[in-house]
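Novice:
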Amino acid sequence: MNLKKRYVRNKVHLALIFSCTVVQLAIAQPGVSRIITVEETKKLKAIRNEIGSIKNLDTLYEDRKHNNGLPYHFYVPKHLKAGVKYPVVTFLHGYTDLTIDTHKGFPKGVWSLPKIQKAHPHILFVPRNRKKEDNWSSDEYRTMTINALDDMVAELNDNPNTANVDVDRLYLTGFSRGGQGTWNFIRAFPNKFAAAAPLSGYFHGPQNAEEAKAIKQIPIWIFNGDGDKGVKGSRISFKALKDAGAADVRYHEYKSQGHVIDDFAYFTDGFMEWMFSQKRKK
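With the sequence shown counted from 1, adding 40 to any position gets you the numbering used here.
(1) Assess contact between the segment 247-265 and the segment 194-209, defined as three or more Cβ pairs (one per stretch) separated by less than 8 Å. Is contact present?
(2) What are the residues that DSSP puts in a beta bridge with asparagine 201?
(3) Looking only at its chain, what residues have a beta carbon closer than 8 Å to the beta carbon of alanine 280, apart from the 5 residues adjacent to it on each side?
(4) What residues in its chain sit with their C-beta under 6 Å from that of leucine 164, if we drop five residues either side in the sequence?
(5) Please name the residue in Phe233, Ile156, Asp309 whose C-alpha comes closest to that of histidine 119.
(6) Look at the alpha carbon of glutamine 220 and the alpha carbon of asparagine 107, and state the distance between them as a whole number of angstroms.
(7) So, is the C-beta of tryptophan 176 closer than 8 Å to a C-beta in chain B?
(8) In this structure, what does DSSP give as the bridge partners for glutamate 293?
(9) Within its chain, find whatever has a CB closer than 8 Å to the CB of alanine 228; leave out the 5 residues flanking it on each side and keep chain order.
(10) For a minimum of 3 consecutive residues, which ranges assigned as the beta strand (DSSP E) are wholly contained in the segment 110-194?
(11) Based on Cα-Cα distance, which residue from Gln297, Val300, Lys295, Ile276 lies nearest to valine 289?
(12) Count the other CB atoms within 10 Å of the CB of aspartate 287; is the residue buried (16 or more) or exposed (fewer)?
(13) Grab the span of the alpha helix (DSSP H) containing lysine 279 for me, first residue to last.
(14) Cα separation between isoleucine 260 and alanine 237?
(15) Whose C-alpha, out of Lys295, Asn224, Lys158, is nearest the C-alpha of methionine 312?
(16) With a Cβ-Cβ cutoff of 8 Å, do glycine 218 and tryptophan 176 count as a contact?
(17) Can you name the residues that DSSP bridges to lysine 85?
(18) Please name the residue in Lys172, Pro161, Asp302 whose C-alpha comes closest to that of threonine 213.
(19) Under 8 Å by Cβ, that's how I've got histidine 162 and tyrosine 112 pegged, so tell me the actual separation to the nearest angstrom.
(20) Within the same chain, show all residues whose beta-carbon is closer than 6 Å to that of methionine 315, passing over the 5 residues directly before and after it, in chain order.
(21) For glutamate 293 and threonine 77, I'd like the C-alpha separation in whole angstroms.
(22) To the nearest angstrom, report how far apart glutamate 79 and leucine 239 are at their CA atoms.
(23) Is the distance from the Cβ of histidine 299 to the Cβ of aspartate 268 below 8 Å?
(24) Considering just the uninterrupted stretch of the beta strand (DSSP E) at arginine 104, what are its terminal residues?
(25) Please report the residue range of the beta strand (DSSP E) in which alanine 228 lies.
(26) Sort Val193, Ala254, Ile255 by Cα distance to aspartate 208 and report the nearest one.
(27) Given that a residue counts as buried once 16 or more other Cβ atoms are within 10 Å of its Cβ, and exposed if not, what is asparagine 224?
(28) Where does alanine 237 fall in DSSP's three states?
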């Protein structure tokens, strides 16, 4: 996608109007893949288009840099209660977002929506690549990110005057390079996250049942457009997890859609309820 167009698109933030009717689509079941029709996708996009803008979105987030050098955005909604444990969503951005202000990033705005926050109150952690050479797939960068996440969790849990973190409800998702990163992170840290949702994640998922065994206990919902060059990788990973006996792996493939699905996939019916219901398997 043209970078300028992507930037313009990313300036339109999600703020679902409370009067909108959520479109009911068939919900994915564990171990089942679904082809999402063009008409169904249009309905998802219609939800997105009933969007205003979140005013002053950039003021919601705190910009930080960990002592290991990792920059990240951090959001603790004001309505969260001190001393109460909440889940954390970690969102991994894509390559294109390196060149734009992810305060204005469309996917991150999803998690800030008043309606989403009301239904599923949570804390948001958005690590950043420092430059294009950085990559979620490197051991060094993954370790830096996990260390920053752990320190953020410890900071909140040590403070009785802030919202606390439920360490058994850490969720991971990402788009494009971030979708690849989602696969890489759960394979490197299989006991860390309660659920994962890679979008357009290429070939970084497990390629066979043997590779999938280490993450088969993690609930995973995979999303991809059928016109994306990496869709074969998502299909392979879904099959690998099924063959490994994964308890809860789901796959949605959007017909006649390409790489960019992050602006509507999160509205897939049942996804938010599914993600926020998960607890880490011990």
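Each residue gets a CB set at the ideal place from its N, CA and C atoms; glycine is no exception.
Specialist: According to the structure data:
(1) No, the segment 247-265 is not in contact with the segment 194-209.
(2) The partner list for asparagine 201 (beta bridge, DSSP) is empty, contrary to what the question assumes.
(3) Counting only residues of its own chain and dropping the five nearest sequence neighbours on each side, alanine 280 has a CB closer than 8 Å to the CB of Gly245, Pro246, Gln247, Asn248, Ala249, Glu251, Ala252.
(4) Contacts found: Tyr115, Val129, Trp151.
(5) Measuring from the Cα of histidine 119, the nearest candidate turns out to be Ile156.
(6) Cα to Cα, glutamine 220 sits roughly 25 Å from asparagine 107.
(7) Although the question refers to chain B, the structure presented lacks it and comprises just one protein chain.
(8) According to DSSP, which records beta bridges pairwise, glutamate 293 is partnered with Ile75, Asn264.
(9) Within the same chain, Asp179, Arg182 come within 8 Å of alanine 228 by CB-CB distance, once the 5 residues on both sides are set aside.
(10) The segment 110-194 contains these whole beta strand (DSSP E) runs: 111-115, 125-132, 163-167.
(11) Residue nearest to valine 289 within the set Gln297, Val300, Lys295, Ile276 is Ile276 (criterion: CA-CA distance).
(12) According to the sequence provided, residue 287 is alanine. The question's aspartate does not apply to it. Note on alanine 287: under 16 other CB atoms within 10 angstroms of its CB, so exposed under the neighbour-count rule.
(13) Segment 271-283, the alpha helix (DSSP H) holding lysine 279.
(14) If I take the Cα positions, the gap works out to 6 Å.
(15) Distance check between methionine 312 and each of Lys295, Asn224, Lys158 places Lys158 closest, using alpha-carbon atoms only.
(16) A contact, by the Cβ cut-off of 8 Å.
(17) Among the bridge pairs identified by DSSP, lysine 85 is matched with none.
(18) Comparing Cα positions, the closest option is Asp302.
(19) Not quite, the Cβ-Cβ distance comes to about 16 Å (not below 8 Å), so this is no contact.
(20) Answer for methionine 315: Tyr211, Ala235, listed in chain order.
(21) Rounded to the nearest whole angstrom, the CA to CA distance from glutamate 293 to threonine 77 is 9 Å.
(22) Roughly 20 Å between the two C-alpha positions.
(23) Note that the C-beta distance between histidine 299 and aspartate 268 is below 8 Å.
(24) Unbroken beta strand (DSSP E) run through arginine 104: 102-105.
(25) No beta strand (DSSP E) contains alanine 228, which is instead part of the alpha helix (DSSP H) from 217-228.
(26) When only C-alpha atoms are compared, the closest one is Val193.
(27) For asparagine 224, the number of other beta carbons within 10 angstroms of its own is at least 16, and it is reported as buried.
(28) Three-state DSSP puts alanine 237 in a strand.
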